Amino acid sequence: MLIVGTELVLVEAELVGGLLGCPSCRGVLGPWGHARERVLRCRSGNRLLRPRRARCRGCAGTHVLLPRLVLARRQDEVAVIGEAIEANVAGEGFRPIAARLGAYPETVRGWLRRFAGRAERIRAHFTRCAVVLDPELGAVMPAGSGIADALEAIAITARAWVLRFGPTEPWEIASRLSGGLLLGNTNRPLESVT
Ligand SMILES: [Zn+2]
Numbered sequence: 003m004l005i006v007g008t009e010l011v012l013v014e015a016e017l018v019g020g021l022l023g024c025p026s027c028r029g030v031l032g033p034w035g036h037a038r039e040r041v042l043r044c045r046s047g048n049r050l051l052r053p054r055r056a057r058c059r060g061c062a063g064t065h066v067l068l069p070r071l072v073l074a075r076r077q078d079e080v081a082v083i084g085e086a087i088e089a090n091v092a093g094e095g096f097r098p099i100a101a102r103l104g105a106y107p108e109t110v111r112g113w114l115r116r117f118a119g120r121a122e123r124i125r126a127h128f129t130r131c132a133v134v135l136d137p138e139l140g141a142v143m144p145a146g147s148g149i150a151d152a153l154e155a156i157a158i159t160a161r162a163w164v165l166r167f168g169p170t171e172p173w174e175i176a177s178r179l180s181g182g183l184l185l186g187n188t189n190r191p192l193e194s195v196t
């Protein structure tokens, strides 16, 4: 089963129309085949995903276009990963979360560790995003811990996004504004909001 939704059609139209910018050099991306097929575990069941690949007309670099319900190198839908993070911030441990979500405990522990390890970077990035989206935004009050502050920054950004662009799943906004690298394992900075 392939995902054929309006969103993929839109991505295709943007790609063919030269509307997608290269994240490396800001050149224009053009179509360049497809990436390897993969299974995405979603709340609604497994989906087969075949992401589009694009090539920059400027620097000739290639990029895989992931739909925003995906995070780079993660097999689970970002909304599921987000639900685990929210439950963990609320005090639940990785084993009960995994049992509830039907995920492997080690997988859930991996998400939570990565989120905790990147909490300060995530907080700083999403606080910047929120201010770009809503310049009127006041000071963001600390929520009490590294992971709670990071989650709060994502929530504030998601609210600012929805006010500006209309209803969207908060964790899909988080995926998009982190360039899919919310739980990335590199030291590369999260991408800027443009
Ligand atoms: Zn480029």
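Letter by letter, the sequence shown follows residues 3 to 196 of our numbering.
From the three backbone atoms N, C-alpha and C, an ideal C-beta is built for every residue, glycine too.
Since the model is a prediction, treat every value here as computed from it, not as a measurement.
Worksheet entry | Own chain residues within Cβ distance below 6 Å of tryptophan 173, not counting five before or after | Contacts found: Val80, Ala81, Gly84.
Item to complete: Buried or exposed for glutamate 122, please, with buried defined as at least 16 other CB atoms from any protein chain shown within 10 angstroms of its CB.
Response: The residue in question, glutamate 122, is exposed, as its Cβ has fewer than 16 Cβ neighbours within 10 Å.
Worksheet item: Could you name the residues, in chain order, whose CB is less than 6 Å away from a heavy atom belonging to ligand 1?
Response: Taken from the N-terminal end onward, the list reads Cys24, Ser26, Cys27, Gly29, Cys58, Gly60, Cys61, Gly63.
Practice prompt. Return the Cβ separation of valine 1 and alanine 155 in integer angstroms, given the expectation that the two are a contact with Cβ distance under 8 Å.
Written response: This structure cannot speak to residue 1, because the chain is shown only from 3 to 196.
Fill in: Per DSSP, the bridge partner or partners of aspartate 78
Secondary-structure assignment with DSSP links aspartate 78 through a beta bridge to Arg43.
Item to complete: Could you check what DSSP says for valine 6 in three-state terms: helix, strand or coil?
Response: Reliability fails at valine 6, whose pLDDT of 31 lies under 50, so the model's placement of it is uncertain and no value is given.
Discussion item. Tell me the DSSP secondary structure of valine 30 in three-state form.
Written reply: In the structure shown, valine 30 falls within a strand segment according to DSSP collapsed to helix, strand and coil.
Fill in: Cα-Cα separation, leucine 17 to leucine 31
Each residue's Cα considered, the two are about 7 Å apart.
Item to complete: Indicate whether alanine 118 and proline 107 have their beta-carbon atoms separated by less than 7 Å.
Response: Contact check for alanine 118 against proline 107 fails: the beta carbons are separated by 7 Å or more.
Item to complete: State whether the segment 136-152 contacts the segment 41-48, with contact taken as three or more CB pairs (one from each stretch) at a distance under 8 Å.
Response: Cβ pair count under 8 Å is below three, so no.
Worksheet item: Along the chain, where does the beta strand (DSSP E) that runs through valine 66 open and close?
Response: Where valine 66 is concerned, the enclosing beta strand (DSSP E) stretches over 64-67.
Worksheet entry | DSSP state of leucine 22 mapped onto helix, strand, coil | In the structure shown, leucine 22 sits in coil (DSSP, three-state: anything other than H, G, I, E or B).
Worksheet item: With 16 other CB atoms within 10 Å as the buried threshold, where does threonine 170 fall?
Response: Threonine 170 comes out exposed.
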